[in-house]
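These protein sequence lines are chains A and B, in that order.
Number 185 in my numbering belongs to position 185 of the first sequence; there are no gaps in the numbering.
In my numbering, each residue carries its 1-based index in the second sequence increased by 1000.
Just so it is clear, CB atoms sit at the ideal spot from N, CA and C, and this is done for glycine as well.
A quick write-up on the structure given underneath.
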Amino acid sequence: MSTWMMILAVVVAAAPVAWAMRAGLQSATGNAPKWRDMPLSVAYGYVIGAVILAWLAYTYYLSVTAERTPVDTYFFFRTAVHGFVLFAAAAWVFRLLGQYVGTAGTRKLFRNMPVTAAFGILVILIYAIVSIFAGLIAPYGQEEVLGSANVVPGGNPAMGGNPEFPLGTDQIGRDILSRLIYGAQNTVGIAFATTCLAFFIGGSLGFLAATLQGWLDQVISRTVDVLMAIPALIFALLLMTIATVWANEFGINRTYFMVVIIAVIDSTRVFRLARAVGLNIVVMDYIEAAKLRGEGLGYLIFKEILPNATAPLLAEFGLRFCFVFLTIASLSFLGVGIQPPLADWGTMVRDLSQFINFAAFAPQVASAPLLAAGAIALLTVAVNFVVDWMLHKSSGLKE
Amino acid sequence: MQRLGLGLLTLLVVSIVIFVAVNALPGDFAQAILGQGATPEAVAAFREDLGLNRPYLTRYFEWLAGAVRFDFGTAYSQAQFAEFAGSDAGSGLGSVAEMLGPRFRNTIFLAGLTALIAVPFSITIGVLAALYRNSVFDRVANISTLTSISSPEFFLAYILILFLAVINPILPVLSLVNDEMALTERIRMTLLPALTLTLVVTAHMMRMTRAAIINLLASPYIEMARLKGISPMRVIVRHALPNALAPIINVIALNLAYLITGVVVVEVVFVYPGIGQLFVDSVKNRDIPVVQACCLIFAAAYILLNLMADILSILSNPRLRHPK
């Protein structure tokens, strides 16, 4: 309870401190406008922010100086701070590199880029490389069952680790590092393929509906309305129930069913956007001119509408990829997604989740499920940062 | 009134979609449940018991008529149990409605608690971010909400478990609530899943609040209020917020609808006895009546919330309330 009292005391004490700080700065700077016009609430915010930063720094100081016993309570905090600083530095260096290397266009692009977007691009690049060259990077096979199960991550023999398996092994003795690397290939690859399929279905139907209109538009639009009335994850779970039965009956891997199901569900959202964008384009004069020239439907869609709809569709592709990726991860986490023994992050989190309860006395053990979950989070965060930047840039939103 | 009718129609069509998806497709559930080793007689008897051998249309209308009265039939798992016990299956032993009832209350409790935390929190943050736009606070809020919205629910859940339940044992790891618990104890048990869901939905609501308010700041009446000399806080809370209410209400309703799907994963992580967990379990066991019922409830709640968003945004806007 004393922790709560301390937090309360800080919250109360920050008010007079803020007032004193403002008054002090006002007299010190000879009533400079910045301090004279500052409301008390803003000063209060600065003080609270400073207290939180100081607390973080103090905890980090404690975590570095504390003795490295097996029961290392600061393990997660220290790792998080190190990871944060490392990624921030890497993103900053990457942006700096981008400002001096490459063509004039890319250099200009990097100059106005926020660090978050640079971080996003860097992470996406790393994931792409890892997933393409997974077979070369991974030290073991993804389905290879090695000698010892449940080796603790960290590679320190004193704590139950093994230097041959830097991130340990899972409950049946597969190397977690290799599975993480192959997971990039499987999870990201499947999500990417699914998104492409969803865009192919939704995009072509949407443009078709926008160009032809009439009854076809009505039929497709009403169908999409109904499909969108069922929450996506619920609908996917329902269809996966059936797909599992089918998969057993026909001996087809249920992963294929999952790709099609999620692509169809997500194509409804793509259809909405493609139709809306398409409707705005088909009223343009150049479409009229092309129609008068006697161009066919295929030419109209692919040569006239598509090139003019790329910008909104590209941003949507990023967002849609995140949704698809998270849906696949959630399905796998719930046990109906990508079929084992393919390495996949969602399944890994579910299989290793029990270890989280060991965090109080063996933090390294508990980090195993978080690694896979963190790998998912890192990629979606990165994509979102990039999409956010792109939207901000294209909308010209300044305020 | 027209919207209400449209909502009901959508619900009806959705029920057809759910039923068709589950029943009309090939794949014999009786066979699947009893396993490959079951004799054809056993499968036939099982189908007979559950009424699987009757025409689809009859079964659909029976199911729909039952669903309207909250009678979703008997769960296969229970029917199977009755089969082994030698009694007549479907004799009211563990009906789906009985299974769903308490779990439905639990889920509503979880979603309600989340909304109670998330809505005031996100609106406050959104208003503050709009007030101090482009400041350090705005950027920190922007980045952290973007991070939380794009992380998978189970990642946030495990991070919270790690810091609030395992390393610093403040809250319980598992949310094993039951009906006999006192309210405070129940809230303590539900707090961790509620906090996870709060993190998931706050981002969207906060960003929407901020964007809706900033959109209005260029309006002449805001300029007027500023020139009158009232404080920035008052400009936003008294003049901008009421006019930004329609999009904010809309996004809140949409996020509450989103809560319904988010609830599935979070309930599984925390072993919270709600509908979401039941749904996932039945999906794995292919317990079709339960899957159908859960699906229908989720879809109904989703449609209802979307309908409510429409109606509330009309009510909050006088121009739409009194159409010319």
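Presumed contact (8 Å Cβ cut-off) between residue i and residue j, rounded CB distance
i         : j         : result
B:Thr1261 : A:Ile234  : 6 Å
A:Ala236  : A:Leu331  : 6 Å
A:Ile261  : A:Ala232  : In fact, because the Cβ distance is near 10 Å, the residues do not count as touching under 8 Å.
A:Ala377  : B:Phe1163 : Actually they are not in contact, since the Cβ atoms of A:Ala377 and B:Phe1163 sit about 15 Å apart, beyond 8 Å.
A:Phe271  : A:Gly202  : 4 Å
A:Ala88   : A:Leu122  : The Cβ separation is near 11 Å, so there is no contact.
A:Ala368  : A:Gly168  : 6 Å
A:Gly120  : A:Val365  : Rounded, the Cβ-Cβ distance is 31 Å, inconsistent with contact.
A:Val188  : A:Leu379  : 7 Å
B:Leu1110 : B:Val1263 : 7 Å
B:Ser1316 : B:Ile1249 : 6 Å
B:Ala1157 : B:Val1269 : 4 Å
B:Thr1196 : B:Leu1160 : 6 Å
B:Val1173 : B:Met1189 : The pair is not a contact, with the Cβ atoms about 10 Å apart (cut-off 8 Å).
B:Pro1152 : A:Ala329  : 5 Å
A:Ala14   : A:Val47   : 5 Å
B:Pro1232 : B:Leu1131 : 6 Å
A:Leu319  : A:Val259  : A:Leu319 to A:Val259, Cβ: 19 Å. No contact.
Rounded separation between residue i and residue j - CA only
i         : j         : result
B:Val1127 : B:Thr1209 : 7 Å
B:Phe1298 : A:Asp351  : 27 Å
A:Ala18   : B:Ile1222 : 30 Å
A:Phe257  : A:Ile265  : 12 Å
A:Asn186  : A:Ala343  : 7 Å
A:Gly102  : B:Met1308 : 53 Å
B:Ile1187 : B:Ile1149 : 24 Å
B:Ala1089 : A:Met240  : No answer about B:Ala1089 holds up, because its pLDDT of 40 lies below 50 and its placement is not dependable.
B:Val1265 : A:Thr327  : 11 Å
A:Ile181  : B:Leu1009 : 48 Å
A:Gln218  : B:Leu1305 : 25 Å
A:Asp414  : A:Val381  : Residue 414 of chain A falls outside the range modelled here, since chain A spans only 1 to 399, and no answer is possible.
A:Leu125  : A:Ala118  : 11 Å
B:Leu1117 : A:Met38   : In the sequence on display, residue 1117 of chain B carries Ile and not Leu. Distance between the alpha carbons of B:Ile1117 and A:Met38 is about 30 Å.
B:Ala1082 : B:Thr1058 : Note on B:Ala1082: pLDDT 47, under 50, position unreliable in the model; no value is reported.
A:Arg174  : A:Val336  : 21 Å
B:Leu1191 : A:Thr195  : 35 Å
B:Ile985  : A:Trp345  : No statement about residue 985 of chain B is possible, as the shown extent of chain B runs from 1001 to 1324 and does not include it.
A:Leu273  : A:Ile176  : 40 Å
A:Leu109  : A:Arg275  : 31 Å
A:Ile132  : A:Ala184  : 9 Å
A:Tyr60   : A:Arg78   : 6 Å
A:Thr268  : A:Met228  : 7 Å
A:Leu86   : A:Val115  : 13 Å
B:Ala1045 : B:Val1020 : 23 Å
B:Val1166 : B:Gln1277 : 23 Å
B:Asn943  : A:Asn357  : No answer is possible for residue 943 of chain B: the residues shown for chain B start at 1001 and end at 1324.
A:Thr255  : A:Leu62   : 47 Å
A:Phe76   : A:Phe355  : 14 Å
Amino acids of chain D, ordered along the chain, whose beta-carbon sits closer than 9 Å to that of residue i
i        : result
A:Asn112 : The structure shown contains no chain D; its protein chains are A and B.
TODO: Only counting runs of 4 or more residues, tell me where the alpha helix (DSSP H) segments fall wholly within the region 1140-1193 of chain B, in order along the chain.
DONE: Runs of the alpha helix (DSSP H) lying entirely within the region 1140-1193 of chain B, each at least 4 residues long, are 1153-1160 in chain order.
Mind checking the region 116-129 of chain A against chain B and listing, in chain order, the residues whose C-beta falls within less than 8 Å of any C-beta there?
Legend: CB atoms of the region 116-129 of chain A lying less than 8 Å from CB atoms of chain B belong to residues Thr116.
Interface positions of the region 328-350 of chain A facing chain B (Cβ-Cβ less than 7 Å), listed along the chain | Of all residues in the region 328-350 of chain A, Ala329, Ser330, Phe333, Leu334, Gly335, Val336, Val349 have a Cβ within less than 7 Å of some Cβ in chain B.
Subject >> the region 209-227 of chain A in contact with the region 1239-1250 of chain B per 3-pair CB rule at 8 Å >> reply: By the C-beta criterion, the region 209-227 of chain A is judged not to be in contact with the region 1239-1250 of chain B, since fewer than 3 inter-stretch pairs fall below 8 Å.
Query - Start-end ranges of the alpha helix (DSSP H) lying completely within the region 167-250 of chain A, minimum 4 residues - result: Taking only runs of at least 4 residues, the alpha helix (DSSP H) segments lying wholly in the region 167-250 of chain A are 176-183, 189-212, 214-228, 232-250.
Inset, instruction - Report yes or no: do the region 1227-1238 of chain B and the region 1268-1286 of chain B share at least 3 C-beta pairs separated by less than 8 Å? - result: Too few Cβ pairs lie closer than 8 Å, so no.
**OP:** Please name the residues in the region 1135-1155 of chain B whose beta-carbon is closer than 8 Å to at least one beta-carbon of chain A, in chain order.
**Re:** Within the region 1135-1155 of chain B, the qualifying residues are Val1136, Phe1137, Ile1143, Leu1146, Thr1147, Ile1149, Ser1150, Ser1151, Pro1152, Glu1153, Phe1154, Phe1155.
message = By the 8 Å beta-carbon criterion, what residues does the region 365-382 of chain A contribute toward chain B?
response = Those residues of the region 365-382 of chain A that come within reach of chain B (Cβ to Cβ, closer than 8 Å) are Ala366, Pro369, Leu370, Ala373, Gly374, Ile376, Ala377, Thr380, Val381.
Taking 8 Å as the threshold, find out whether the region 1249-1256 of chain B comes into contact with the region 1136-1145 of chain B through three or more Cβ pairs. With a cut-off of 8 Å on Cβ pairs, the region 1249-1256 of chain B is not in contact with the region 1136-1145 of chain B, counting fewer than three such pairs.
### Message
If the cut-off is 7 Å on Cβ atoms, which residues from the region 1287-1320 of chain B count as contacting chain A, listed in chain order?
### Response
Hits within the stretch, in order: Val1291, Cys1295, Phe1298, Ala1299, Tyr1302, Ile1303.
Stretch pair the region 214-225 of chain A + the region 368-387 of chain A: three plus CB contacts closer than 8 Å:
At 8 Å Cβ cutoff, the stretches do not touch.
- Task: State whether the region 1105-1124 of chain B contacts the region 1194-1205 of chain B, with contact taken as three or more CB pairs (one from each stretch) at a distance under 8 Å.
- Result: Short answer: they touch.
| query | Taking Cβ-Cβ distances below 8 Å as the criterion, which residues of the region 1170-1203 of chain B are in contact with chain A? | reply | Residues Val1173.
message: Output needed in chain order: residues of the region 240-266 of chain A with a Cβ under 8 Å from some Cβ in chain B.
response: Under the 8 Å Cβ criterion, the region 240-266 of chain A contributes Met240, Thr241, Ile242, Thr244, Val245, Trp246, Asn248, Glu249.
### Contact residues within the region 224-240 of chain A, judged by C-beta distance below 9 Å to chain B
Of all residues in the region 224-240 of chain A, Asp225, Val226, Leu227, Ala229, Ile230, Pro231, Ala232, Leu233, Ile234, Phe235, Leu237, Leu238, Leu239, Met240 have a Cβ within less than 9 Å of some Cβ in chain B.
Pull out every residue of the region 1238-1269 of chain B whose Cβ sits closer than 9 Å to any Cβ of chain A, in chain order. Flagged, chain order: Ala1257, Tyr1258, Ile1260, Thr1261, Gly1262, Val1264, Val1265, Val1268, Val1269.
- Those runs of the beta strand (DSSP E) which lie wholly inside the region 93-131 of chain A and span at least 3 residues: With a minimum length of 3 residues, there is no unbroken run of beta strand (DSSP E) contained wholly in the region 93-131 of chain A.
Taking Cβ-Cβ distances below 9 Å as the criterion, which residues of the region 33-61 of chain A are in contact with chain B? Answer set for the region 33-61 of chain A: Pro39, Ser41, Val42, Gly45, Tyr46, Gly49.
Can you list, in chain order, the stretches of the alpha helix (DSSP H) that have 4 or more residues and sit fully within the region 291-335 of chain A? Given a length threshold of 4 residues, each whole run of the alpha helix (DSSP H) inside the region 291-335 of chain A is given here in chain order: 310-334.
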